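Chemist:
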Amino acid sequence: MRLLLIADTHIPKRARDLPAPVWDEVAAADVVVHAGDWIAPEFLDELEARAARLVGCWGNNDGPALRARLPERADVTLAGVRFTVVHETGAATGRETRMSRLYPDTQVLVFGHSHIPWDTTTQTGLRLLNPGSPTDRRGQPFCSYMTASIDDGVVSDLVLHRVEK
């Protein structure tokens with residue numbers, strides 16, 4: 041199973057659309073995971089129409105229309121791996137311990153908000169992934185997104201992709 045992980049797209053405030061390579065990844069993915077801050081319900085409509093399967097949550101910049109359609113927390117099992125998708129996880133300091141306590145039954149937590157790519161595994165085995173933002177680098181050296189595979193209940197081939205402008 042091929043995954044595309046994105047967050048903080050901020051369309052149309054930070055960008056008018058996703059970059060073409062990200063749309064190519066949408067087409068190739070079995071599941072697209074979006075960790076909030078969509079901004080426009082029309083973008084949600086388009087991603088739903090173009091993705092084979094979409095799992096997402098709302099972010100702090102998403103208004104009532106998106107919050108009515110998306111959960112604050114999305115839980116899903118994909119190819120035997122338990123995922124949780126949230127937008128915010130709080131400060132980086134103490135994140136691993138805090139998230140392990142809050143999500144004891146989750147194997148992979150996908151989050152956004154900071155626009156800072158993140159890939160760590162806690163002492164309890166919880167994997168924390170933040171794909172950054174494909175449209176708003178906000179102080180990072182480049183915009184980004186992640187792809188991964190799930191084979192035999194294991195997340196593999198995780199790649200952080202740089203979005204070339």
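To convert, take the position in the sequence shown, counting from 1, and add 40; that gives the numbering used here.
C-beta atoms are modelled at their ideal positions from N, C-alpha and C, and glycine is treated no differently.
The structure displayed is predicted, hence computed values, not measured ones.
Indicate the three-state DSSP secondary structure (helix, strand or coil) for Arg56 in the structure shown.
Modeler: Under the three-state reduction of DSSP, Arg56 is assigned to coil, being neither helix nor strand.
Chemist: Taking 8 Å as the threshold (C-beta atoms), are Asp77 and Ala47 in contact?
Modeler: yes
Chemist: The alpha helix (DSSP H) with Leu106 in it runs from where to where?
Modeler: Secondary structure note for Leu106: its alpha helix (DSSP H) is the uninterrupted segment 104 to 109.
Chemist: Would Val121 and Val73 be called neighbours here (beta carbons separated by less than 8 Å)?
Modeler: no
Chemist: Considering just the uninterrupted stretch of the alpha helix (DSSP H) at Met139, what are its terminal residues?
Modeler: 135 to 142
Chemist: Can you round the beta-carbon distance between Ser140 and Thr164 to whole angstroms, since I take them to be within the 8 Å contact cut?
Modeler: 4 Å
Chemist: I'd like the list of long-range same chain contacts for Ala105, defined as Cβ closer than 7 Å, with 5 residues on each side in sequence excluded.
Modeler: Pro81
Chemist: Using beta-carbon positions only, say whether Cys183 and Ser173 come within less than 8 Å of one another.
Modeler: In this structure, Ser173 lies closer than 8 Å to Cys183 by Cβ.
Chemist: Pick helix, strand or coil for Asp145, following the three-state DSSP scheme.
Modeler: coil
Chemist: Let me check understanding here. Comparing Cα to Cα, which of Phe83, Asp192, Ala89 lies closest to His50?
Modeler: When only C-alpha atoms are compared, the closest one is Phe83.
Chemist: For the alpha helix (DSSP H) containing Asp85, name the first residue and the last one.
Modeler: 81 to 90
Chemist: Output the distance between the C-alpha atoms of Trp63 and Ala91, rounded to the nearest integer angstrom.
Modeler: 9 Å
Chemist: By the three-class DSSP mapping on this structure, what secondary structure does Val62 have?
Modeler: Note: Val62 maps to helix in three-state DSSP.
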